[in-house]
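J.: Residue numbers (this note's numbering): 229 to 417.
Mind having a look at this structure? Questions to follow.
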């Protein structure tokens, strides 16, 4: 092993540990100790907890303790039992007769309920916006439409078919429309 020459450059010297004050040195443990037992002052803390806990337990034992309600004793209690109100027998309600609703009215109500169904309205709105429906929505839509069709057949209601205007796209009709307009009301700039 070859010899190294000493150098006076500051970077080559070992760095010293930062010095601690005497108070800090006193607080620093010289060795690591095992932690067994309870902390100092624990006995007094437990005694305080026991005193407070015992007082709280005694106060909570009897819920009637400190009650302001007077307690009836002896003969007064016997009179109070006689003075109690007699329990009334439950009065039977008048027999409710089911109102006979014709089958046509109930079918009409079911049809109105389907047409006003909010979930179905949301699904129809999604369809109008060309948003893809999930499986549950498709099933619900199909069930409701089948029920709607059955009810309309039962009631004899024919669906109003939307009349589609026949658009004549021939060139002559477009020129006739254009010629029919009066463009004199437009301002010239």
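Using N, Cα and C, we set each Cβ at its ideal position, and we do this for glycine too.
What you are looking at is a predicted structure, and each value in this text was computed from that prediction instead of being measured.
1. Taking only the alpha-carbon atoms, compute the straight-line gap between residue 361 and residue 375 and give it to the nearest angstrom.
2. At the level of alpha carbons, what is the spacing between residue 246 and residue 253?
3. Under DSSP, the alpha helix (DSSP H) around residue 334 begins and ends at which residues?
4. Under three-state DSSP, which class holds residue 385?
5. Which of the three DSSP states, helix, strand or coil, is assigned to residue 378?
6. According to the Cβ coordinates, are residue 368 and residue 342 closer than 8 Å?
7. Could you check the C-alpha separation between residue 344 and residue 380 for me, to the nearest Å?
8. To the nearest angstrom, report how far apart residue 259 and residue 249 are at their CA atoms.
9. In whole angstroms, what separates the C-alpha of residue 251 from that of residue 235?
10. Alpha carbon to alpha carbon, how far is residue 318 from residue 339? Give it in angstroms, no decimals.
T.: Looking at the atomic coordinates:
1. C-alpha of residue 361 to C-alpha of residue 375: approximately 20 Å in a straight line.
2. C-alpha separation (whole angstroms): 12 Å.
3. Element bounds for residue 334: 331 to 343.
4. When DSSP states are grouped into helix, strand and coil, residue 385 belongs to the coil group.
5. Of the three classes helix, strand and coil, the one that applies to residue 378 here is helix, per DSSP.
6. No, Cβ-Cβ distance for residue 368 and residue 342 is not below 8 Å.
7. Answer to the nearest angstrom: the Cα atoms are 15 Å apart.
8. Each residue's alpha carbon lies about 19 Å from the other.
9. Their Cα atoms are separated by approximately 37 Å.
10. Approximately 41 Å, taken between the alpha carbons.
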